[in-house]
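A.B. asks: For what it's worth, numbering that gives the first Met the number 0 labels the leading residue of the sequence shown as 0, then goes sequentially. Every residue gets a Cβ at the ideal spot worked out from N, C-alpha and C, and that includes glycine. What you are looking at is a predicted structure, and each value in this text was computed from that prediction instead of being measured. Here it is, the structure in full.
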Amino acid sequence: MTTAIIDQLMGETAPIKSGERCGPLKETLCIEGGHPLHGLVRVSGAKNAGLVLMAASIMADGETILDNLPRIRDVEVMIEILNDIGVDTSWNEDDSLSICPPAGKVKNHTSYDLAKQMRASNLFLGSMLGRQGEAIVSLPGGCDIGSRPMDLHIKGVAALGTEVKIEHGYIFANTKQPSGARVYLDFPSVGATENIMMIAAKTPGTSIIENAAKEPEIVDLANFLNSMGARIRGAGTDLIKIEGVSSLKAGRYAIIPDRIEAGTYMVGAAISGGEIQVENIIPTHLHPIIAKLQETGAHIEENDRGLLVRAGNKISPVDIKTLPYPGFPTDMQSQMMALLSLAPGSSMIVENVFENRFQIVDELKRMGANIKVEGHTAVIEGVKNLYGAQVKATDLRAGAALVLAALTAEGETEIEDAIHIFRGYEDIVEKLTTLGAKVHKGYMEGEYTD
Ligand code: UD1
0 MTTAIIDQLM GETAPIKSGE RCGPLKETLC IEGGHPLHGL VRVSGAKNAG LVLMAASIMA
60 DGETILDNLP RIRDVEVMIE ILNDIGVDTS WNEDDSLSIC PPAGKVKNHT SYDLAKQMRA
120 SNLFLGSMLG RQGEAIVSLP GGCDIGSRPM DLHIKGVAAL GTEVKIEHGY IFANTKQPSG
180 ARVYLDFPSV GATENIMMIA AKTPGTSIIE NAAKEPEIVD LANFLNSMGA RIRGAGTDLI
240 KIEGVSSLKA GRYAIIPDRI EAGTYMVGAA ISGGEIQVEN IIPTHLHPII AKLQETGAHI
300 EENDRGLLVR AGNKISPVDI KTLPYPGFPT DMQSQMMALL SLAPGSSMIV ENVFENRFQI
360 VDELKRMGAN IKVEGHTAVI EGVKNLYGAQ VKATDLRAGA ALVLAALTAE GETEIEDAIH
420 IFRGYEDIVE KLTTLGAKVH KGYMEGEYTD
């Protein structure tokens, strides 16, 4: 689209900033393929840890300061929710975020308009119950990657003495007889584990979560709550034990680095035939990703600064099954699919966590990939080249995968609904440009819809 048309459509208004709603225009990402990534990339703070820590911050009295929080759209939505329920927030000069709940109660419900923008808003169920024993949280509604029920969250908070009813699209939760309890999760849900940890941290007695999620973000939440005076042990294993305390005290905390952002850039080096140094990572969090990338032929070396990642001479086909941590993360599945599209031979991906996470397939096919899907399984026959095309980011990680495919595709790719990508990747245009990619934001007509 020409600059003149953009100017006409936008009038005299300022350019759209990353992450903002764009009225009649929506953002695209345009990438010219064929420029291998080279250089240094610094990984930002973990989106999924940042979001839950922001929700948990309302459980403490006083000012919480979070360091290493990424400036991404999901964080901005979380700030909007905090402000909407009466919590003050401000970005500090050193890029930390201050979160100051009021002295009394916060507004006890999250609005559907904000909640529908981001499923992580459901984390206010545990933090509001932990703070004030009542919460009205919007049900998340449908989602591009599959049905995302809340039954395990509800089972957990109910076991700890909370009455729960669901009416008019909201969960109404009221803690009547708070008392520690044993909760077995049928599936190690990340969100359910987090919500139960938060309410249990303030519930008298001992609570035990069995078959708990073991993701690094769970450990970060436990460390954060413990730094405020909570008594949580076992986070990172499938049995978490929580002794309830009567109050938590605010402080300062630095969020762990984002293992999925790191993994995405690592695939970027492998797919584009490049070599990059990845900084600000915790290598153990990346083991499942490192192992699979090495199987595809990428060279990965741990050094003092993080990881050095170099593309192999060729990409070998591999099979992947997504699983809860420490299995291969579902949040890296689409990016690996982009890479395997170029691996001569057959690869198979089985998606075990979300039922509808193959929407990326049709978009990659528009770029020349050869992929067939049957239920939860995708079979990928490697092709020689991908071609630039107009494609659409259907969700955050699908968008990231299209960026990766575009880096190596012949010609230019224009990715529609790029706002999904800005939900989770801080400064992606700047970071890729520094690594030598030819990428810029563009605009196209049409409303963005969630
Ligand atoms: C979190 C992450 C997301 C990641 C996912 C799995 C955040 C903000 N998001 O999402 O990026 O992809 O973990 O690693 O941290 N389930 C139930 N009942 C429930 C809850 C979940 O059946 O009550 C099922 C879901 O339908 C899904 C599976 O459990 O099939 C995993 O979901 P869950 O671990 O809860 O993911 P989220 O916490 O939503």
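1. Does DSSP classify Thr205 as helix, strand or coil?
2. Where does Leu124 land, buried or exposed, given buried means 16+ other C-beta within 10 angstroms?
3. Measuring only the C-alpha atoms, how far is Ser110 from Ser271?
4. Output the boundary residues of the alpha helix (DSSP H) element that contains Met347.
5. Smallest Cα separation from Ala405: which of Leu24, Asp83, Ile30?
6. Decide if Lys201 is buried, meaning its Cβ has at least 16 other Cβ atoms within 10 Å, or exposed.
7. Based on Cα-Cα distance, which residue from Thr432, Met331, Leu341 lies nearest to Leu395?
8. Could you give the uninterrupted runs of the alpha helix (DSSP H) lying entirely in the stretch 286-350, keeping only those of 4 residues or more?
9. DSSP beta-bridge partners for Met227?
10. With 16 as the cutoff for other CB atoms within 10 Å, does Tyr324 come out buried or exposed?
11. Assign Ile165 to one of two classes, buried (16 or more other C-beta atoms within 10 Å of its C-beta) or exposed (fewer than that).
12. Could you check if Asp257 is buried or exposed, using at least 16 other CB atoms within 10 Å of its CB as the buried criterion?
13. What do you get for Gln176, buried or exposed, if any count of 16 or more other CB atoms within 10 angstroms of its CB means buried?
14. Which of the three DSSP states is assigned to Met443 in this structure?
15. To test your reading of the DSSP string, which unbroken beta strand (DSSP E) runs of 3 or more residues are found completely within the stretch 389-416?
16. For His419 versus Ala392, is the C-beta distance shorter than 9 Å?
17. Compute the Euclidean distance between the alpha carbons of Met77 and Gly190, then round it to the nearest angstrom.
18. Whose CA, out of Lys320, Gln334, Tyr264, Glu373, lies closest to the CA of Gly305?
19. Checking the sheet assignment: what are the DSSP bridge partners for Glu274?
20. Counting pairs of beta carbons, one from the stretch 240-259 and one from the stretch 58-76, are three or more of them closer than 8 Å?
21. For the ligand UD1, is there any heavy atom lying closer than 8 Å to the beta carbon of Gly190?
22. Check whether the stretch 353-368 and the stretch 204-224 are in contact - that is, three or more C-beta pairs closer than 8 Å.
23. Determine, using beta-carbon pairs with one atom in the stretch 290-309 and one in the stretch 230-248, whether at least three such pairs fall under 8 Å.
24. If you run the structure through DSSP and keep just helix, strand and coil, what is Tyr424?
25. Would you mind working out which of Leu151, Asp73, Gly103, Val86 sits nearest Ala114, comparing C-alpha positions?
26. With hydrogens ignored, establish whether the beta-carbon of Phe186 is closer than 8 Å to any heavy atom of the ligand UD1.
27. Assess, as a yes-or-no matter, whether the stretch 24-39 is touched by the stretch 202-213 under the definition of 3 or more beta carbon pairs within less than 8 Å.
28. Return no unless some Cβ of chain B is closer than 9 Å to the Cβ of Ala417.
C.D. replies: Taking the definition as stated:
1. strand
2. buried
3. 43 Å
4. No alpha helix (DSSP H) holds Met347; the beta strand (DSSP E) holding it covers 345-349.
5. It is Ile30.
6. buried
7. Met331
8. 286-294, 332-339
9. Its beta-bridge partners do not exist; DSSP assigns none.
10. buried
11. exposed
12. Buried, by the Cβ-count rule.
13. exposed
14. Collapsing the DSSP output to three states places Met443 in a strand.
15. Here the runs fully enclosed are 389-391, 411-415.
16. yes
17. 15 Å
18. Per the Cα distances, Tyr264.
19. Bridge partners of Glu274: His37, Arg309.
20. Two segments are said to touch when three or more pairs of C-beta atoms, one from each, lie closer than 8 Å; by this definition the stretch 240-259 touches the stretch 58-76.
21. yes
22. no
23. no
24. coil
25. Asp73
26. yes
27. no
28. This model lacks chain B altogether, as it is built from one protein chain only.
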